[in-house]
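Here the sequence shown stands for residues 76 to 435, where the numbers follow the numbering used here. Idealized CB from N, CA, C, for every residue including glycine. Take a look at the structure set out below.
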Amino acid sequence: MHTDKTKPTILIVDDMPENIDVLEGLLSPHYRVKVATSGKRALKIAESMPDLILLDVMMPGMDGYEVCRHLKQKRKLRRIPVIFVTAKSEVDDETRGFELGAVDYISKPVSPPLVLARVKNIIALFATKRRLREIMDKTLTGCVELLTDVLSLTAPAAFGRSSSIRRHIKAAAKQMGHSNTWRFEVAAMLSQLGCIALPDELVDNIHNGSASSDEEKKIFASHPEVGKRLLEKIPNLRDVAEIVALQHQTVDTIEANLQISAGVKLGASLLHLAMQQDDKTRHTSVMQKAGSTEPQVGEQIELSLSDLQLGMRLESEVSTRKGWKLVPKGTEITKAVLERLSVFDDHFMIAKQTYMVTLL
Numbered sequence: 076m077h078t079d080k081t082k083p084t085i086l087i088v089d090d091m092p093e094n095i096d097v098l099e100g101l102l103s104p105h106y107r108v109k110v111a112t113s114g115k116r117a118l119k120i121a122e123s124m125p126d127l128i129l130l131d132v133m134m135p136g137m138d139g140y141e142v143c144r145h146l147k148q149k150r151k152l153r154r155i156p157v158i159f160v161t162a163k164s165e166v167d168d169e170t171r172g173f174e175l176g177a178v179d180y181i182s183k184p185v186s187p188p189l190v191l192a193r194v195k196n197i198i199a200l201f202a203t204k205r206r207l208r209e210i211m212d213k214t215l216t217g218c219v220e221l222l223t224d225v226l227s228l229t230a231p232a233a234f235g236r237s238s239s240i241r242r243h244i245k246a247a248a249k250q251m252g253h254s255n256t257w258r259f260e261v262a263a264m265l266s267q268l269g270c271i272a273l274p275d276e277l278v279d280n281i282h283n284g285s286a287s288s289d290e291e292k293k294i295f296a297s298h299p300e301v302g303k304r305l306l307e308k309i310p311n312l313r314d315v316a317e318i319v320a321l322q323h324q325t326v327d328t329i330e331a332n333l334q335i336s337a338g339v340k341l342g343a344s345l346l347h348l349a350m351q352q353d354d355k356t357r358h359t360s361v362m363q364k365a366g367s368t369e370p371q372v373g374e375q376i377e378l379s380l381s382d383l384q385l386g387m388r389l390e391s392e393v394s395t396r397k398g399w400k401l402v403p404k405g406t407e408i409t410k411a412v413l414e415r416l417s418v419f420d421d422h423f424m425i426a427k428q429t430y431m432v433t434l435l
């Protein structure tokens, strides 16, 4: 049984107090009820994210259609279901309401059984959709973390570059005023995923700036398409897959491509520019601040295994006493790397207990 705090919340919007009284009396035994007598007030209360809005159409000032339009324009509020409660019953009126994003209509004067049934069904439907969306979000996040961990363990040089590119993208997006950068950051972190299909020596040579033949460079240039094929198998990462595939194209070429969306264009352009910036700064060390006793970004220090932290880069490989290579030189420390080291450290199998690392 629902307590007051766990009951779904319904916002009733109507400029006529008598209409509000009818609906509030009908719904308050089953739901938490909030009321608004104007469109402006309704939009303010909607910020608290009610589970459903019962919205009158005919109101002075801002009518119900305008309120619904404002709700659907806001990313946070657009998922709140809206039922219009109105005396208007023309087909054109209903069509306009559905086009604006309403999920149902209830005609005045209201029928109590009909109101209760429709409210119950809509709230149950959207609660199910919300749970499914949460499951999908968690699954997607888990897939991204898994792929990132695989990259960090199988191609540490590629992973290190991905992390650096992500930092450039995050800084550039912030400077441009973009707050919703999740897709762009994921594209950066997985931009080198296709490198897992290439020989380690080839990837290391390219990322370390070592001399490579034209044939090796051509083989390396195939990795974005490999990454795309891996990523596009995950439905909610299809845009990310497109961004990854375009990483080696110039911004002008990306902008001229009429077959991709604006979001993919922006993400691919940011990724390309971030990679260029990374090429310029990858081998540049940051000078330690004069007089400071704190370790600085770019500085190398020696730490014990127990002091290794996320965001550091190993400057020497970690091996077991039997000579098994656990983590190659140049690997950036991730949760997966720490877990791998912990397994062998717990059994006293790691050859050395201190390692040189670079602070990123």
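Burial state of residue i (16 or more Cβ within 10 Å)
i                 : result
threonine 229     : exposed
phenylalanine 423 : exposed
aspartate 289     : exposed
proline 231       : buried
valine 278        : buried
serine 227        : buried
threonine 409     : buried
glycine 136       : exposed
glycine 398       : exposed
alanine 337       : exposed
threonine 214     : exposed
Beta-carbon spacing of residue i, residue j below 9 Å
i              : j             : result
glutamate 392  : threonine 433 : no
valine 88      : aspartate 131 : yes
leucine 118    : lysine 147    : no
histidine 243  : alanine 262   : no
histidine 347  : valine 326    : yes
aspartate 266  : glutamate 407 : One detail in the question is off: residue 266 reads as serine in this sequence, not aspartate. Not a contact, by the Cβ cut-off of 9 Å.
isoleucine 181 : arginine 171  : no
leucine 416    : leucine 383   : yes
alanine 247    : glutamine 324 : no
valine 185     : valine 97     : yes
Three-state secondary structure assigned by DSSP to residue i
i                 : result
glutamine 375     : strand
glycine 366       : A caution first: glycine 366 carries a pLDDT of 43, below 50, which makes its placement in the model unreliable, though a value can still be read off. Coil.
glutamate 407     : strand
valine 361        : The predicted position of valine 361 is uncertain, since its pLDDT is 37 and thus under 50; a value taken from the coordinates is nonetheless stated next. Of the three classes helix, strand and coil, the one that applies to valine 361 here is coil, per DSSP.
tyrosine 430      : strand
methionine 515    : With the chain covering only 76 through 435, there is no way to say anything about residue 515.
phenylalanine 159 : strand
tyrosine 180      : strand
lysine 397        : coil
arginine 304      : helix
aspartate 131     : strand
leucine 86        : strand
arginine 193      : helix
lysine 36         : Within the shown structure, residues of the chain are numbered from 76 to 435, placing residue 36 beyond reach of any answer.
Proximal residues to residue i (C-beta, below 8 Å), its chain only, five neighbours per side dropped
i                 : result
proline 104       : none
alanine 272       : His298 and Val301
isoleucine 335    : Glu317, Leu321, Ile329 and Ala343
serine 287        : Leu277, Asn280, Ile281 and Phe295
isoleucine 197    : Leu127, Pro156, Ile158, Val178 and Asp179
proline 442       : Absent from the structure is residue 442, since the part of the chain shown begins at 76 and ends at 435.
phenylalanine 419 : Thr395, Leu401 and Ile425
Cβ shell of residue i (< 7 Å), same chain only, five flanking positions each side left out
i             : result
alanine 177   : Cys143, Val157, Ile158 and Phe159
lysine 404    : Leu389, Glu390, Ser391 and Glu392
glutamate 141 : Gly114
Own chain partners of residue i with C-beta closer than 6 Å, once the 5 adjacent residues on each side are dropped
i             : result
lysine 82     : Tyr106 and Arg107
threonine 429 : Glu377 and Ser379
alanine 162   : Lys183
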